[in-house]
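Residue numbers (my numbering), protein chains in the order written: chain E, 127 to 357; chain V, 5 to 403.
Glycine included, every Cβ here is placed at the ideal spot set by N, Cα and C.
Remember, it's a predicted structure, so these values are computed and weren't measured experimentally.
Working notes, structure below.
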């Protein structure tokens, strides 16, 4: 693994056991990601992109193959270990924001830090810092239903950044937003990337994918590198 | 692993969730509330009633045996020599013959014919503190020509129309009597049992006067006082021997009431009753617990997405389990606290209505608290475990 590599997948195979037999969703994926990359994984629905994302995010383990994240091997670990790895290494950003509705913006961003066992005072500082970074420092006590879609996604991004993870993993981050707001979010991603953040974005929309610095395409469980002129 | 912040957060969130679903939470807690309230209410009332009764029984005299000797066709009652034999029984420190009858008092032209007459002797007053003012009988009174009596407040009010009756005179069943004392209000168990509102009052006279007025020769009831160092049962057995001797072992010639045995039996019975009541009320607790388990299962399935998110953010299964377990404990303990409050209120109202004491049983409260916590843990366990085992991917995907 080179010094700059933070993610390496080799021969990743994922099978799902169905009633009738097994279905092979990922058919031998190789992927490396360097620190500071802004990668888009582009594919239609059914291509296996969600399954790939789950494995990258340590929500699932591959049936076969090797996966290294930050130099650590993600093997068949128990749920408790995977949870801890996720907490430290992966910042999730979802299409539907996935904020806790009955908690304030502050409390939402705080959550991964509580699971990281960070002391209260430190947490408060960190949360404030993150919310200010996404320009929501004045909305800390607001509830999600008091915020616009774009603002909610920004809270989610602040939450994803809170524990200082190795990668930000975004699943269709602009899918629930209008074009203008979506553009703002992509702009924020650029800004974070310029600061050195590694971002992996999953999408089916090539216009969104074009904003990334590198695109890989996934189709039928297989990955292919390349720009969009191949399409 | 289980740090304070997570516990605090879980606690806070439990309260939030309960507030957010007020009606549902209330209905869920109802089983626990009813269960705990009935345990606390019943146990408290039983304790209050028992303490009342035992207190009054004590007033009647632990250390006292009540002998009722009707006798046989051949020999009725107890003669003076019989009484001496009783006096000399081992374990007996003294005896006080008693007698009673109904009579009429007259003062001037007024006649009061609903008078209760009680006959005691000197020894009685040594063991029963009933005098409010004036004096008790002495040995001269017992055999004297001047007839003395002690009256109660009702008699003073109804006959003399004033509480100031010491030294006053009146006729009782035709005999001249002079009042030497006034008794205290009778708060004994027996007086509580009988309604004396339409009676004219009670007059206490030397017992031999009662015998004479009622035309009887022998006494048929005696209070027997147990000597120090003797068990009531021992003294009772000894008395029985003497009485059997007097009546030649005839059946149903006499009966002995042993206050102490009565109180012991009473305690045992109430303990048993309390345990039974608690057992029955526990059934309500089980039902309440099932209600909690049901609600928690619903809560878990409603919050599947939330659980998935928490796991994605780094919550280990144990943390999820702890979160939901705390929620169910909070729910059941709030129900328990409300139940304790309600139970005490019920007991308080019951005490007033039934004229018994209101005695808070701290052990019952501790039990109620402990039980509700236990219910929260036992019935919350399965839903919490289930929540912790959810697959985060599926959970996040659920609607």
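Smallest Cα separation from residue i: which of the options?
i, options, result
"residue 337 of chain V", "V/105, V/14 and V/380", "V/380"
"residue 322 of chain V", "V/300, V/19, V/206 and V/388", "V/388"
"residue 201 of chain E", "E/165, E/236 and E/139", "E/139"
"residue 19 of chain V", "V/71, V/332 and V/204", "V/332"
"residue 171 of chain V", "V/383, V/159, V/160 and V/184", "V/184"
"residue 227 of chain V", "V/123, V/386 and V/169", "V/123"
"residue 386 of chain V", "V/101, V/329 and V/371", "V/329"
"residue 471 of chain V", "V/370, V/304, V/350 and V/384", "The first residue shown for chain V is 5 and the last is 403, placing residue 471 of chain V beyond what the model contains."
"residue 210 of chain E", "V/378, V/240, V/320 and V/358", "V/320"
"residue 255 of chain V", "V/38, V/146, V/75 and V/286", "V/75"
"residue 397 of chain V", "E/180, E/311 and E/305", "E/180"
"residue 126 of chain V", "V/370, V/116 and V/102", "V/102"
"residue 218 of chain E", "E/331, E/145, E/280 and E/173", "E/280"
"residue 16 of chain V", "E/250, E/322, E/271 and E/233", "E/233"
"residue 262 of chain E", "E/247, E/244 and E/282", "E/282"
"residue 181 of chain V", "V/98, V/165, V/327 and V/155", "V/155"
"residue 341 of chain V", "V/11, V/30 and V/10", "V/30"
"residue 159 of chain V", "V/118, V/178 and V/143", "V/118"
"residue 392 of chain V", "E/149, E/205 and E/134", "E/205"
First and last residue of the beta strand (DSSP E) that includes residue i?
i, result
"residue 306 of chain E", "No beta strand (DSSP E) contains residue 306 of chain E, which is instead part of the alpha helix (DSSP H) from 305-320."
"residue 329 of chain E", "324-329"
"residue 238 of chain E", "Looking at the DSSP string, residue 238 of chain E is not in any beta strand (DSSP E); the run it does join, the alpha helix (DSSP H), is 231-241."
"residue 109 of chain V", "96-111"
"residue 153 of chain E", "148-160"
"residue 205 of chain V", "205-210"
"residue 297 of chain E", "293-297"
"residue 164 of chain E", "164-168"
"residue 116 of chain V", "114-124"
"residue 151 of chain V", "Note, residue 151 of chain V: premise wrong, no beta strand (DSSP E); not H, not E."
"residue 176 of chain V", "173-176"
Locate the alpha helix (DSSP H) running through residue i, then write down its first and last residues.
i, result
"residue 287 of chain E", "275-288"
"residue 182 of chain E", "175-182"
"residue 135 of chain V", "Residue 135 of chain V -> not in any alpha helix (DSSP H); beta strand (DSSP E) instead, spanning 135-138."
"residue 266 of chain E", "Counting along the chain, residue 266 of chain E falls outside any alpha helix (DSSP H), and DSSP gives it neither H nor E."
"residue 135 of chain E", "Taken as a continuous stretch (DSSP letters only), residue 135 of chain E belongs to no alpha helix (DSSP H), being part of the beta strand (DSSP E) at 131-143."
"residue 350 of chain E", "Taken as a continuous stretch (DSSP letters only), residue 350 of chain E belongs to no alpha helix (DSSP H), being part of the beta strand (DSSP E) at 348-351."
"residue 353 of chain V", "321-358"
"residue 275 of chain V", "263-306"
"residue 398 of chain V", "396-401"
"residue 81 of chain E", "In the structure as shown, chain E starts at 127 and stops at 357, and residue 81 of chain E therefore has no counterpart that could be examined."
"residue 258 of chain E", "246-259"
"residue 342 of chain E", "Premise fails: residue 342 of chain E lies in the beta strand (DSSP E), 340-345, not in any alpha helix (DSSP H)."
Could you check how far apart the C-beta atoms of residue i and residue j are, in whole angstroms? I think they sit under 8 Å.
i, j, result
"residue 52 of chain V", "residue 355 of chain V", "5 Å"
"residue 225 of chain V", "residue 71 of chain V", "7 Å"
"residue 204 of chain V", "residue 163 of chain V", "7 Å"
"residue 131 of chain V", "residue 68 of chain V", "7 Å"
"residue 358 of chain E", "residue 319 of chain E", "Residue 358 of chain E is absent from the model: chain E starts at 127 and stops at 357."
"residue 270 of chain V", "residue 57 of chain V", "7 Å"
"residue 230 of chain E", "residue 268 of chain E", "6 Å"
"residue 174 of chain V", "residue 109 of chain V", "6 Å"
"residue 174 of chain E", "residue 152 of chain E", "5 Å"
"residue 232 of chain V", "residue 262 of chain V", "Incorrect: roughly 17 Å between the Cβ atoms, too far for contact."
"residue 105 of chain V", "residue 212 of chain V", "Contact flag wrong, Cβ pair sits at about 13 Å."
Check whether the Cβ atoms of residue i and residue j lie closer than 9 Å to each other.
i, j, result
"residue 295 of chain E", "residue 183 of chain E", "yes"
"residue 186 of chain V", "residue 169 of chain V", "yes"
"residue 230 of chain V", "residue 96 of chain V", "yes"
"residue 132 of chain E", "residue 171 of chain E", "no"
"residue 40 of chain V", "residue 375 of chain V", "yes"
"residue 340 of chain E", "residue 166 of chain E", "yes"
"residue 339 of chain V", "residue 35 of chain V", "yes"
"residue 121 of chain V", "residue 37 of chain V", "no"
"residue 372 of chain V", "residue 343 of chain V", "yes"
"residue 144 of chain E", "residue 344 of chain E", "no"
"residue 266 of chain E", "residue 193 of chain E", "no"
"residue 176 of chain E", "residue 293 of chain E", "no"
"residue 251 of chain E", "residue 9 of chain V", "no"
"residue 318 of chain V", "residue 242 of chain E", "yes"
"residue 32 of chain V", "residue 289 of chain V", "no"
"residue 313 of chain E", "residue 155 of chain E", "no"
Note to self: Does the structure place the region 268-281 of chain V close enough to the region 46-59 of chain V that three or more beta carbon pairs sit under 8 Å?
What the structure shows: The region 46-59 of chain V makes contact with the region 268-281 of chain V, as at least three CB pairs between them are under 8 Å.
Check: On the three-pair Cβ rule with 8 Å, is the region 77-86 of chain V touching the region 246-254 of chain V?
Finding: Two segments are said to touch when three or more pairs of C-beta atoms, one from each, lie closer than 8 Å; by this definition the region 77-86 of chain V touches the region 246-254 of chain V.
Note to self: Measuring CB atoms only, is the region 292-300 of chain E touching the region 229-240 of chain E, in the sense that at least three cross pairs come out at less than 8 Å?
What the structure shows: Judged by Cβ distances under 8 Å, the region 292-300 of chain E makes no contact with the region 229-240 of chain E, as fewer than three pairs qualify.
Margin query: Under 8 Å: do the region 134-145 of chain V and the region 218-238 of chain V share three or more Cβ pairs, one atom per stretch?
Written below: Segment contact: the region 134-145 of chain V against the region 218-238 of chain V, fewer than three CB-CB distances shorter than 8 Å; contact not assigned.
Check: Counting pairs of Cβ atoms below 8 Å between the region 286-303 of chain V and the region 182-193 of chain E, do you hit three or more?
Finding: With a cut-off of 8 Å, the region 182-193 of chain E and the region 286-303 of chain V do not count as touching, because too few Cβ pairs lie within range.
Check: Should the region 221-232 of chain E be called in touch with the region 301-319 of chain V, which here means at least 3 C-beta pairs below 8 Å?
Finding: Yes, the region 221-232 of chain E is in contact with the region 301-319 of chain V.
Margin query: Would you call the region 243-263 of chain E in contact with the region 283-290 of chain E, where contact means no fewer than 3 C-beta pairs closer than 8 Å?
Written below: A contact exists between the region 243-263 of chain E and the region 283-290 of chain E.
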